[in-house]
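Notes for the one structure printed next.
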Amino acid sequence: MAITLFWTFFLFSFLLLFTFILTKPTFIKKDDFEENVEEQVNEDENNDFPRVDIQTKNGQLRGFRIQLEPPSLLSQQTRYRLADIFLGIPFAQPPIEKLRLEKPLPPKNWNGTLDATTIPPACVPQHILAAPDYSEDCLYLNLFRPTIENKKRTIPNTSEQHKFPILVFIHGGGFCVGGTFLEGYNNIANNFVSQGIIVITIQYRLNFLGFFSDGTTKNPGNLGLWDQHQALVWIRQNVATFGGDPNRVTVWGQSAGSASTSILSISKYTRDLFHQSIQQSGSLFSPWALNEGVLESSKKTLKSVGCQAKGAEEECLKQIDVEDLVEGIQKLEMVRNNFAMNVYNPRFDNDFVPRDIKTALETAPKKPTMIGFTSHESMFLSIQYPSSVFALNSPLSIINFTQFDRSKLINFIHNYMHRERGKATEEEAEQIANELESFYLEYQKKNIGKEDWRYFLEQYTMLLSDVQFIIPILAEARLKAANNWPVFLYQFDHVNKEHISKLPFRGVVHAAEYPYLLGPTLFGNYLLDSEDDRKVQALLLYAYGSFVKNGVPNSPPGVDWPSLSSKNKTIEFIRVIKSGLRKEKNPLYLMQKINFWRKLSKKRGFNKIPGFPWALP
């Protein structure tokens, strides 16, 4: 078991490092900036990398300019061939020493010119191998803008006709790993800046430093969310200097970043700081996104690092060396023995995150919202990492796929699912398990024979996908639509040939669309070398770009992207497949799930989604 866990974690760390290497640009060191820039300019006859200086409210920045190479099939949408890149812009004071475990403060002014040519270190991750470079001083953002004139030291025209819309990206990683190093800047600039969009990628505190809470008003938690708030405040105050329109801000999140975006859209502190949302595989209703488990995790961490003395916890935590803190976290069984994501996560503090989510959603500004999911969200996480929260700590191992049969699926449902019963009695929990068993063993049943292990394995992953992602996402989408939010739903269902060969059955996993939008990812470096892949990429980028600029994800002529109805239970959405975009209306495979979970929640009061007793609208 220990060997299996070692290689699982090694694989995870290697993928992160490999992704970083693939996306890592050639940086100019701060000490040699002037000399190297001039040398680069002199050697490059096209003058592709001149320096770019800009004065902000906090001081002067120096970035650089690159030549863009947008996807060929997107050529009709791209007007810009140059982009200015600014990396590592501080949007808050370093959250270190006395500011550790405190809400972020606005950045201080600086003298001279700040070098903005290097990707900032990631925030301290839960697993120390999960980032090639990390630091407690990590509250930085990166900004990429279209360049109108190809002249050294010029900035875009900031007149009204050149106010660019803003796209703010919040990375995923289960609130425990991640950073802007994963996205880099080349793919983002080629795919989005070329369309006339300013893109900003932000970082936020992760792990214990980002979400520690003892449940009191003094330490309510959610510091990572407060970091995101401060980034949005900085953007509101400064983006016009870069040629951006502070009144046209779209926040886009993936996975944990999507759950964050979902929370930001209704929180009283952030809901007025942006105007549109793109949520990619994550919702505030997802059970991993918001729960009180962080209280117990924080308590165990205090003991592990020797800061449990009553009344002295805060002083101890602020004085302990960050490496000792990380080492103490690694000693925790829940971290040491598992690929344990979401040990530390947002919680209902009834301040940043209101307990009455339904009322907050009803009263928040009605933002145009794109919400997407994949067909088999939990497949990679649950099969490759069976100890993760996304597999509900099931006993499934990657080495026994072919032994996964009907009895093992039933055993999983009864021994794991019904234990998440909330206030249900043992008898009620058993009844719920029986209903889950009946539905998921028969759902879309096929003629199965000697390969039946694939069927039961798929049903296992579908159950996990529904609980952790799909049903929560649909609940939020329909609830927002019922309250007159313009909601555009899509399902990404295109399988990359490089990926499907590694899976036991056909399925589209969590973050499968990421490479088409942002490049290499933790889950694989997909080569978009087929005509289908390039077509899918162009359609996605076209829709995303249209949404950022116009509030509607228009697609090429012939496809009208529907919005969810606010008056009936009809589900209309776009399904992204290899042949293009297909409009779906009440498909049986999805309606069966929705109806099952709606009836179950009403009949049993069984709810895997925290926040309020719910029934699908």
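For the record, in the sequence shown the residue sitting at position 452 is 476 according to the numbering used here, with numbers rising by one throughout.
Note that CB positions come from ideal geometry on N, CA and C, so glycine has one too.
Open item on the list: Need the endpoints of the alpha helix (DSSP H) that GLY317 sits in, please.
Closed with: Counted from its first residue, the sequence shown places residue 317 at position 293. Bounds of the alpha helix (DSSP H) holding GLY317 are 317–328.
Open item on the list: So, for LYS122: in the same chain, excluding its five sequence neighbours on each side, which residues have a beta-carbon less than 8 angstroms away from its beta-carbon?
Closed with: On the sequence shown, residue 122 is found 98 positions in, with the first residue counted as 1. Around LYS122: LYS342.
- [ ] Out of SER587, THR137, GLY203, ILE495, state which residue places its alpha-carbon closest to the alpha-carbon of ASN508.
- [x] The count along the sequence shown starts at 1 and reaches residue 508 at position 484. Cα-wise, what sits closest to ASN508 is SER587.
Open item on the list: Here's the rule I'm using: 16 or more other beta-carbon atoms within 10 Å means buried, otherwise exposed. How should TYR540 be labelled?
Closed with: In the sequence shown, the residue the question calls residue 540 occupies position 516. It is buried - the Cβ of TYR540 has at least 16 other Cβ atoms within 10 Å.
Task: Alpha-carbon spacing of PHE480 relative to TRP276, whole angstroms - done: What you label residue 480 is simply residue 456 of the sequence shown in a count that begins at 1. What you label residue 276 is simply residue 252 of the sequence shown in a count that begins at 1. Cα to Cα, the separation comes out at about 35 angstroms.
Open item on the list: Need the endpoints of the beta strand (DSSP E) that TYR514 sits in, please.
Closed with: If you number the sequence shown from 1, residue 514 lands on position 490. First-last of the beta strand (DSSP E) with TYR514: 511–516.
Task: Among THR141, PHE309, ALA505, THR594, nearest to ALA283 - alpha-carbon criterion - done: The residue you call residue 283 lines up with position 259 of the sequence shown. The shortest CA-to-CA distance from ALA283 to any of THR141, PHE309, ALA505, THR594 is the one to PHE309.
Task: Spatial distance of VAL263 from GLY208 (CA atoms) - done: Within the sequence shown, residue 263 is the residue found at index 239, counting from 1. Within the sequence shown, residue 208 is the residue found at index 184, counting from 1. In this structure, the CA atom of VAL263 is about 20 angstroms from the CA atom of GLY208.
Task: Nearest neighbour of VAL367, chosen from GLU357, ASN610, THR142 [CA to CA] - done: Residue numbering aside, residue 367 sits at position 343 when the sequence shown is read from its first letter. Across the set GLU357, ASN610, THR142, the C-alpha of GLU357 shows the shortest separation from the C-alpha of VAL367.
TODO: Would you tell me roughly how many angstroms separate the C-alpha atoms of ILE434 and THR102, rounded to the nearest one?
DONE: As a working mapping, residue 434 is identified with position 410 in the sequence shown. As a working mapping, residue 102 is identified with position 78 in the sequence shown. For ILE434 and THR102, the distance between alpha carbons rounds to 52 angstroms.
Task: Whole-number beta carbon distance between ARG229 and TYR119, since they are thought to touch under 8 angstroms - done: Within the sequence shown, the letter at position 95 stands for residue 119. Within the sequence shown, the letter at position 205 stands for residue 229. According to the sequence as given, residue 119 is Pro; it is not Tyr. Contact between PRO119 and ARG229 holds, since their C-beta atoms are separated by about 6 angstroms, short of 8 angstroms.
- [ ] With DSSP as the reference, please indicate the residues paired to ARG606 in a beta bridge.
- [x] The residue you call residue 606 lines up with position 582 of the sequence shown. Paired residue(s): ARG599.
Task: Nearest-angstrom Cα separation, counted from ILE143 out to GLN79 - done: Translated into positions along the sequence shown, residue 79 becomes position 55. Translated into positions along the sequence shown, residue 143 becomes position 119. The straight-line gap from Cα to Cα measures roughly 20 angstroms.
Open item on the list: In chain order, what are the residue ranges of uninterrupted beta strand (DSSP E) at least 3 long that sit wholly in the stretch 131–163?
Closed with: Annotation note: the stretch 131–163 contains the following uninterrupted beta strand (DSSP E) runs of length 3 or greater, listed N- to C-terminal: 137–139.
Open item on the list: Assuming LEU249 and PRO370 are in contact, meaning their beta carbons sit under 8 angstroms apart, how far apart are those beta carbons, in whole angstroms?
Closed with: In the sequence shown, the residue the question calls residue 249 occupies position 225. In the sequence shown, the residue the question calls residue 370 occupies position 346. With a Cβ gap of about 6 angstroms, LEU249 and PRO370 count as contacting.
- [ ] On the DSSP bridge assignment, give the partners of VAL192 in chain order.
- [x] On the sequence shown, position 168 is the one that residue 192 refers to. Under DSSP, VAL192 shares a beta bridge with ILE224, VAL275.
Task: Residue of GLN84, LEU163, ALA107, LEU552 minimising C-alpha distance to VAL136 - done: Locating residue 136 in the sequence shown gives position 112, where the first residue counts as 1. The question names Val, but residue 136 in the sequence shown is Gly. Considering only alpha carbons, the answer is GLN84.
Open item on the list: Mapping the DSSP letters down to three states, classify ALA388 as helix, strand or coil.
Closed with: For the purposes of this step, residue 388 is identified with residue 364 of the sequence shown, where counting begins at 1. Collapsing the DSSP output to three states places ALA388 in coil.
Task: Burial state of LEU461, where buried means 16 or more other Cβ atoms lie within 10 Å - done: The residue given as residue 461 occupies position 437 in the sequence shown. First, the residue type needs correcting, since residue 461 is Glu and not Leu in the sequence shown. If you draw a 10 Å sphere on the C-beta of GLU461, you find 16 or more other C-beta atoms in it, and that means buried.
Task: Supposed close pair CYS147, GLY234 - CB separation, criterion 8 angstroms - done: As a working note, residue 147 is residue 123 in the sequence shown. As a working note, residue 234 is residue 210 in the sequence shown. Correct: roughly 7 angstroms between the Cβ atoms.
Task: Per DSSP, cross-strand counterpart(s) of VAL367 - done: In the sequence shown, counting from the first residue as 1, residue 367 sits at position 343. Looking at the DSSP assignment, VAL367 forms no beta bridge with any residue, so it has no partner.
Open item on the list: Whether or not the stretch 505–521 and the stretch 595–614 are in contact is what I'm after, with contact meaning three or more pairs of Cβ atoms, one per stretch, closer than 8 angstroms; do they touch?
Closed with: Enough Cβ pairs lie closer than 8 angstroms, so yes.
Open item on the list: With three or more beta-carbon pairs closer than 8 angstroms as the criterion, would you say the stretch 122–134 touches the stretch 312–331?
Closed with: At 8 angstroms Cβ cutoff, the stretches do not touch.
Open item on the list: I'd like to know whether the C-beta atoms of GLY112 and ALA155 end up nearer to each other than 8 angstroms.
Closed with: Within the sequence shown, the letter at position 88 stands for residue 112. Within the sequence shown, the letter at position 131 stands for residue 155. No, they are not a contact pair.
Task: Exposure label - GLU466; buried when at least 16 CB within 10 Å - done: Here residue 466 is taken as the residue at index 442 of the sequence shown, counted from 1. Label assigned to GLU466: exposed.
Open item on the list: Just to confirm, is the Cβ distance from PHE188 to GLY267 under 8 angstroms?
Closed with: The residue you call residue 188 lines up with position 164 of the sequence shown. The residue you call residue 267 lines up with position 243 of the sequence shown. For the 8 angstroms CB-CB criterion, PHE188 and GLY267 form a contact.
Open item on the list: Beta-carbon within less than 8 angstroms of PRO643's beta-carbon, same chain only, minus the 5 sequence neighbours each way: which residues are those?
Closed with: A query on residue 643 cannot be resolved here, the shown segment of the chain reaching from 25 to 641 and no further.
Task: Check whether THR285 and SER301 have beta carbons under 8 angstroms apart - done: The count along the sequence shown starts at 1 and reaches residue 285 at position 261. The count along the sequence shown starts at 1 and reaches residue 301 at position 277. Taking C-beta atoms as the reference points, THR285 and SER301 count as a pair closer than 8 angstroms.
Open item on the list: Could you check whether GLY197 and ALA280 sit closer than 8 angstroms to each other, using their CB atoms as the reference points?
Closed with: As a first step, residue 280 is located in the sequence shown; it is residue number 256 there, counting from the start. As a first step, residue 197 is located in the sequence shown; it is residue number 173 there, counting from the start. Annotated as proximal: ALA280 and GLY197, with beta-carbon spacing under 8 angstroms.
TODO: Going by DSSP, name the residue or residues bridged to LEU108.
DONE: Counted from its first residue, the sequence shown places residue 108 at position 84. It should be pointed out that residue 108 corresponds to Asp in this sequence rather than to Leu. Looking at the DSSP assignment, ASP108 forms a beta bridge with ARG89, ARG169.
Task: For LEU167 and PHE110, believed in contact at Cβ under 8 angstroms, the rounded distance - done: For the purposes of this step, residue 110 is taken as residue 86 along the sequence shown, with counting starting at 1. For the purposes of this step, residue 167 is taken as residue 143 along the sequence shown, with counting starting at 1. Yes, they are in contact, since the Cβ atoms of PHE110 and LEU167 sit about 5 angstroms apart, within 8 angstroms.
Open item on the list: Can you tell me where the beta strand (DSSP E) holding GLN79 begins and where it ends?
Closed with: Within the sequence shown, numbered from 1, the residue matching residue 79 stands at position 55. Following the DSSP letters along the chain, one finds GLN79 inside the beta strand (DSSP E) bounded by residues 75–79.
Task: Proximity to LEU256 [Cα-Cα], best of THR265, THR241, ARG295 - done: Locating residue 256 in the sequence shown gives position 232, where the first residue counts as 1. Looking at the Cα atoms, ARG295 is the closest of the given residues.
Task: LEU163 vs ASP251 beta-carbon contact at 8 angstroms - done: Along the sequence shown, one-based indexing puts residue 163 at 139. Along the sequence shown, one-based indexing puts residue 251 at 227. Going by C-beta atoms, LEU163 is nearer than 8 angstroms to ASP251.
TODO: Taking all protein chains shown into account, decide if ASP56 is buried (16 or more other Cβ within 10 angstroms of its Cβ) or exposed.
DONE: Here residue 56 is taken as the residue at index 32 of the sequence shown, counted from 1. At ASP56 the pLDDT is 33, less than 50, meaning the model places this residue with poor confidence; the figure from the coordinates comes in the next sentence. By the Cβ neighbour-count rule, ASP56 is exposed, with fewer than 16 other Cβ atoms within 10 Å of its own.
Task: Host alpha helix (DSSP H) of GLY234 (start-end) - done: Here residue 234 refers to the residue found at position 210 of the sequence shown. According to the DSSP assignment, GLY234 belongs to the alpha helix (DSSP H) that extends over 231–235.
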